[in-house]
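J.:
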Amino acid sequence: PCEKRFSTLFLPLVDPCESGSIPSDVETRLQTAWPLQEQLLLREQFQEKFKNSTYSKSSVDMLYSFANCSGLDLIFGLNALLRTADLQWNSSNAQLLLDYCSSKNYNISWELGNEPNSFRKKAGIFIDGLQLGEDFVKLHKLLEKTTFKTSNLYGPDVGQPRGKTVEILRSFLKAGGEVIDSVTWHHYYLNGRIATKEDFLNPDVLDTFTSSVQKVFQVVEETRPHKKVWLGETSSAYGGGAPLLSNTFVAGFM
1 PCEKRFSTLF LPLVDPCESG SIPSDVETRL QTAWPLQEQL LLREQFQEKF KNSTYSKSSV
61 DMLYSFANCS GLDLIFGLNA LLRTADLQWN SSNAQLLLDY CSSKNYNISW ELGNEPNSFR
121 KKAGIFIDGL QLGEDFVKLH KLLEKTTFKT SNLYGPDVGQ PRGKTVEILR SFLKAGGEVI
181 DSVTWHHYYL NGRIATKEDF LNPDVLDTFT SSVQKVFQVV EETRPHKKVW LGETSSAYGG
241 GAPLLSNTFV AGFM
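In terms of full-length UniProt numbering, the sequence shown has 161 at position 161, counting the first letter as 1, and numbering is strictly consecutive.
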């Protein structure tokens, strides 16, 4: 979440990208912090126990400066799991971040949540597509009251288009599809924990991408015709990839 009392450490007021490279202080901080962060990420991944983290003002400044100076467009994913007692999206935390970024005139696009089809499994909260669509409408209204009224909004970042995930996507688009600029979804060919080399070379596995694309296009055409579709996240295998496979030549076929 975004901390209300932000750190007093800020980046210089001058344009940090004037030199055409990443500011040296930002680069140094990233390089210094990375070894510890890498250990933390790996430990949490293997233990499957994740701690809450807090974004300070200086963290946001550093993130934006890094993306901006690297020539990247920053898309910030807001926390969709912050809920009221009746499971409405609690936008108070997002409002803090929007207000700060707006005061800095940052150029940012937005998302809300990630793989809502897995909320119940990973967070013990079930949010259906209708509710998520209404949440996006609420976020869109918040954006309209800031300098982000013309910023892009993407979602819902669903996983593989099958079973209940398709229904979440369909009901989301009906309820909130009008306010998003592109429909986003994720594709992974295999489970990284059990995938084999034979799986990586299996034509049936490789063809799952085509069938998934067709399914997403079908749902979008039935609910929000002509809406852009983005592949928001992909790789050979989910769960951090398949050891000794995802980082080798054999993954190049995917």
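Virtual Cβ for every residue (Gly too), placed ideally from N, Cα, C.
Because the structure is a prediction, the values reported are computed rather than measured.
1. Starting from serine 211, follow the alpha helix (DSSP H) in both directions and report where the run begins and ends.
2. Look up aspartate 73 in the DSSP assignment and say whether it is helix, strand or coil.
3. Helix, strand or coil for serine 91? Go by DSSP, reduced to three states.
4. Quick one: grab the DSSP three-state call for arginine 193.
5. Which partner residues does tryptophan 230 have in the DSSP bridge list?
6. Whose CA, out of Lys197, Glu222, Leu190, lies closest to the CA of aspartate 207?
7. By alpha-carbon positions, which one of Val205, Val166, Val179, Val158 ends up nearest to leucine 143?
8. Across which residues does DSSP place glycine 155 in a beta bridge pair?
9. Which residues does DSSP pair with alanine 237 in a beta bridge?
10. Please list, in chain order, all residues of the same chain as glycine 176 whose beta carbon is under 6 Å from its beta carbon, the five residues on each side excluded.
11. Taking the alpha carbon of alanine 123 as the point to measure from, which residue in Asn68, Leu82, Thr150 has its own alpha carbon closest?
12. Let's see if you can read the secondary structure: which residues bound the beta strand (DSSP E) around serine 109?
13. Determine which residues share a DSSP beta bridge with leucine 78 and list them.
14. With distances taken Cα to Cα, identify the nearest neighbour of asparagine 107 among Ser24, Ser212, Phe148.
15. Pick helix, strand or coil for arginine 120, following the three-state DSSP scheme.
16. Between Val219, His140, Thr184, Gly192, which has its C-alpha nearest glycine 241's C-alpha?
17. Which residue wins for smallest C-alpha separation from leucine 74, given the options Phe46, Ser236, Thr84, Trp110?
18. Work out the CA separation of alanine 237 and isoleucine 194 for me, nearest whole Å.
19. Is it a yes or a no for the stretch 197-205 touching the stretch 164-171, going by three-plus beta-carbon pairs under 8 Å?
T.: In short:
1. 208-223
2. coil
3. coil
4. coil
5. Thr184
6. Leu190
7. Val179
8. Val183
9. Leu190
10. Gly133, Phe136, Val137
11. Leu82
12. 108-112
13. Leu112
14. Phe148
15. helix
16. Gly192
17. Trp110
18. 10 Å
19. no
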